[in-house]
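Worksheet for the structure shown next.
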Amino acid sequence: EAGVAQSPRYKIIEKRQSVAFWCNPISGHATLYWYQQILGQGPKLLIQFQNNGVVDDSQLPKDRFSAERLKGVDSTLKIQPAKLEDSAVYLCASSLTSGTVSYEQYFGPGTRLTVT
Amino acid sequence: GQSLEQPSEVTAVEGAIVQINCTYQTSGFYGLSWYQQHDGGAPTFLSYNGLDGLEETGRFSSFLSRSDSYGYLLLQELQMKDSASYFCAVRDLETGGFKTIFGAGTRLFVKA
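These protein sequences, in sequence, are chains A and B. Note that my numbering has the first sequence beginning at 783, numbered continuously upward. Note that my numbering has the second sequence beginning at 23, numbered continuously upward.
As structure tokens, this is what we get:
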């Protein structure tokens, strides 16, 4: 089966510019996650969708970050305006369900964002 | 609050056994997962413990003790390709549903 797809793989922008990332999860996976991973740290959950509804966005900086998952399939994460501290790898992951059965998350290759 | 602790670095020699510990503190603990991440790569799932005890998958085993809020990943017959970062991740059941919290990761160096 095809894995989680993300684009772009790399992005360099200047601070105060905007950027958008796209993710297409594995077909049939109801749960989609966006993580931010700063170099040398573990992935930090930004937002979690169950189908097209938000389960958790408690760590999403809502003044500058937004995300949507239209039709419960692919998703976009946007940053506007970007700050230097947003430089990180943005990982998208999906799982069959967030219920009791499936705990395994499948990660995409990530988008490496550099803000200058 | 929620927290996970794991060693930042571990070094071992090829062919040896290494154990990476993880202690956690969460409000709605449900299970503990382990992920491997090579430099520049994406995290990949290794194992999950929902119940106390040992889970074995080939050269990798994972253990959980709910009463001690503690788990570990055991890697046997270490190979050079095992050099990577290893993350424990807690699966937490909260009001809105299941949520995942990752630790900061343990960087494993395997030497010849």
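C-beta: ideal position from N, C-alpha, C; glycine also.
Residues in its own chain within less than 6 Å of residue i by CB, not counting five upstream and five downstream?
i      : result
P65/B  : Y57, Q59
K806/A : Checking the displayed sequence, the identity of residue 806/A turns out to be Asn instead of Lys. Closer than 6 Å at Cβ, skipping near neighbours: A787, D856.
V871/A : Q819, G892, R894
Y92/B  : T45
L76/B  : S83, F85
R88/B  : D74
Considering only residues of the same chain and omitting the five flanking positions on each side of residue i, which have a CB-CB separation below 7 Å?
i      : result
Q862/A : S800, R846
V40/B  : V32, A34, L97, L100, L130
L873/A : Y817, Q819, P825, F889, G890, G892
L866/A : K797, V897
L105/B : It should be pointed out that residue 105/B corresponds to Ser in this sequence rather than to Leu. Cβ neighbours of S105/B beyond the five flanking positions: L130, F131, V132.
E886/A : S877
Q841/A : K826, L827, L828
D868/A : I861, L895, V897
Am I right that residue i and residue j are in contact with their C-beta atoms under 8 Å? What's the rounded C-beta distance?
i      : j      : result
S25/B  : R129/B : With 8 Å as the limit, S25/B and R129/B do not qualify as a contact, their Cβ atoms being about 19 Å apart.
K860/A : A802/A : 5 Å
F51/B  : D114/B : 6 Å
K121/B : Q830/A : 7 Å
G119/B : V837/A : 5 Å
State the Cα-Cα distance for the pair residue i and residue j, rounded to the nearest angstrom.
i      : j      : result
V897/A : L73/B  : 43 Å
E27/B  : G127/B : 9 Å
W804/A : S789/A : 5 Å
H811/A : K133/B : 39 Å
M102/B : Y108/B : 15 Å
Y46/B  : T813/A : 24 Å
P843/A : C110/B : 24 Å
L86/B  : R791/A : 36 Å
S69/B  : G125/B : 15 Å
L54/B  : I794/A : 35 Å
R81/B  : V112/B : 22 Å
Output needed for residue i: all residues of its chain with C-beta closer than 8 Å, excluding positions within five of it in sequence on either side, in chain order.
i      : result
L852/A : N834
I808/A : E783, A784, G785, V786, S876, Y888
Y94/B  : Q41, I42, N43, C44, S84, F85
E36/B  : L100, Q101, M102, V132, K133, A134
Where the segment 835-861 of chain A meets chain B: residues whose CB sits under 7 Å from a CB there: Against chain B - using a Cβ distance shorter than 7 Å - the residues of the segment 835-861 of chain A are V837, D838.
Beta strand (DSSP E) runs contained entirely in the segment 800-843 of chain A, provided each spans 3 or more residues: Complete beta strand (DSSP E) runs here, min 3: 801-806, 813-819, 826-832, 835-838.
Every unbroken beta strand (DSSP E) within the segment 51-98 of chain B, with a cutoff of 3 residues, ordered by chain: The segment 51-98 of chain B contains these whole beta strand (DSSP E) runs: 51-59, 66-71, 75-79, 82-87, 92-97.
The segment 120-134 of chain B: positions lying closer than 9 Å to chain A by Cβ: Listed in sequence order: F120, K121, T122, I123, F124, G125, A126, G127, R129.
Near-chain A residues of the segment 63-77 of chain B - C-beta to any C-beta below 9 Å: Interface annotation for the segment 63-77 of chain B against chain A: G63, A64, P65, T66, F67, Y70, G72, criterion Cβ-Cβ distance under 9 Å.
Within 7 Å of chain B by C-beta, residues of the segment 867-879 of chain A in sequence order: Result list: L873.
Interfacial residues, the segment 91-107 of chain B to chain A, with Cβ spacing under 8 Å: So the list is empty, because no residue satisfies the distance condition.
Residues within the segment 40-56 of chain B neighbouring chain A, beta-carbon criterion of under 7 Å: Here the close residues are G53, S55.
Minimum length 3: unbroken beta strand (DSSP E) runs contained in the segment 851-879 of chain A: As summarised for the segment 851-879 of chain A, the continuous beta strand (DSSP E) elements at least 3 residues long and confined to that stretch are 857-861, 870-877, given in chain order.
Interface residues of the segment 799-815 of chain A facing chain B [CB-CB below 8 Å]: Residues Y815.
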